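For any residue, its number in our numbering is found by taking its place in the sequence shown, counting from 1, and adding 6. Heads up, the beta-carbon is just placed ideally off N, CA and C, and yes, glycines get one too. All values derive from a computational prediction rather than experimental measurement.
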Amino acid sequence: VPALGSRKVAEVTWNDLDVLHRKLAKRPYQANRMLALASKAWSLAARWGWFPRALPNPARDHDRHPEQRRGRALSREQLARLGSALDHERNGLSSVAALRFCLLTGCRPGEVLTARWEDVDLAARIWRLPAAKTGPRAVYMGQAAVAVLAGLAQSGPWLFGGRTDGAALTSLRALWERVAVRAELPEGLRLYDATRHTFATTAAELEVPRDVRQLLMGHAVSRDAHDRYVHAIGVLLRAADLVSGELASALRGEEAPVSPLLFGGGQPALGVAALPQ
7 VPALGSRKVA EVTWNDLDVL HRKLAKRPYQ ANRMLALASK AWSLAARWGW
57 FPRALPNPAR DHDRHPEQRR GRALSREQLA RLGSALDHER NGLSSVAALR
107 FCLLTGCRPG EVLTARWEDV DLAARIWRLP AAKTGPRAVY MGQAAVAVLA
157 GLAQSGPWLF GGRTDGAALT SLRALWERVA VRAELPEGLR LYDATRHTFA
207 TTAAELEVPR DVRQLLMGHA VSRDAHDRYV HAIGVLLRAA DLVSGELASA
257 LRGEEAPVSP LLFGGGQPAL GVAALPQ
């Protein structure tokens with residue numbers, strides 16, 4: 007741990023870890039995971055003879071920071087405030103676009119930051135990820151997500167370029183922390199959880215079938231479901247349009263429609279054969 011310097015394991019005290027834990031109070035999840043990892047490390051050190059068994063584990067008996075419940079979807083009001091906060095950003099337009107793209111596709115931030123133009127077909131609205139977390143997959147982009155990409159300059163290999171020519175954007179953390187505060191979002195809410203869970207919840211509220219939601223977000227589905235839907239790309243694009251359009255509307259601060267357009271046209275979720283292609 008860089009914050010502890012080059013001290014030996016036996017020289018680190020409970021107070022040392024307590025100070026470090028308190029310094030990370032604004033990132034409660036990271037702070038608490040640090041203590042959990044440290045506790046495991048000192049237990050192993052004692053087992054391997056690097057730390058006296060007679061001494062107490064310095065990572066134990068600390069008061070954990072309260073954590074925001076992970077996986078919480080943003081409300082329409084919160085999305086409106088987030089959209090306003092993003093609109094007021096004057097620095098890092100590439101990172102603003104990347105954050106919007108995360109939300110409008112439900113993709114993992116790490117996937118978005120490493121996206122290349124060579125893998126994107128804007129006309130077909132398909133982005134192929136050769137090395138996604140769950141293996142190669144296709145991302146079906148709604149019109150709102152495509153509009154984000156259409157506004158970018160294709161000046162390098164990366165969709166979202168960094169400050170150095172030819173380099174990719176490496177992080178959205180600083181931007182997320184700024185806009186989350188400005189939008190008065192729950193403290194400690196992570197970008198990963200906010201964007202992916204909001205996308206998934208919105209899709210469910212619009213009655214997008216579960217297997218379609220899973221495919222849009224890159225989750226594993228049964229082989230039957232996979233074969234059923236990947237050969238009906240129109241269905242996947244329609245669902246992506248519906249979800250990204252709803253989220254884009256919320257980001258613009260528009261009021262929710264009295265009778266929202268549902269995936270099944272107001273009827274129970276329909277099978278592929280019954281849906282327009």
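Following the DSSP letters along the chain, one finds Val152 inside the alpha helix (DSSP H) bounded by residues Gln149 to Ala156. Beta-bridge partners of Tyr146 (DSSP): Ile132. Cα atoms of Leu165 and Asp233: separation of roughly 29 Å, rounded to the nearest angstrom. Boundaries of the alpha helix (DSSP H) around Gly251: Ile239 to Leu257. For the alpha helix (DSSP H) assignment, the uninterrupted runs of no fewer than 4 residues enclosed by the segment 48 to 119 are, from N- to C-terminal side, 82 to 93, 99 to 111 and 115 to 119. Secondary structure at Ala209: helix, using DSSP grouped into helix, strand and coil. Collapsing the DSSP output to three states places Arg122 in a strand. Membership of Trp182 in the alpha helix (DSSP H) is indicated by the continuous run Arg179 to Arg188. Partner residues in a beta bridge of Trp20, as assigned by DSSP, do not exist.
Annotated three-state conformation of Asp127 is strand, per DSSP. Fewer than three Cβ pairs drawn from the segment 253 to 263 and the segment 155 to 162 lie within less than 8 Å of each other, which leaves the two stretches out of contact.
Contact fails between the segment 224 to 232 and the segment 36 to 56, because fewer than three Cβ pairs, one in each stretch, are under 8 Å apart. When the alpha-carbon of Ala210 is set against those of Ala186, Val185 and Ala79, the nearest one is in Ala79. About 5 Å separates the beta carbons of Ala144 and Arg134, which is inside the 8 Å limit, making them a contact pair. Taking the Cα of Arg179 as reference, the smallest distance to any Cα among Gly116, Val126, Glu190 and Trp48 is reached at Gly116.
Taking C-beta separations shorter than 6 Å and ignoring five residues to either side along the sequence, the partners of Val126 in its chain run Trp133, following chain order. With respect to the C-alpha of Arg96, the residue from Arg216, Pro142 and Arg184 having the closest C-alpha is Arg184.
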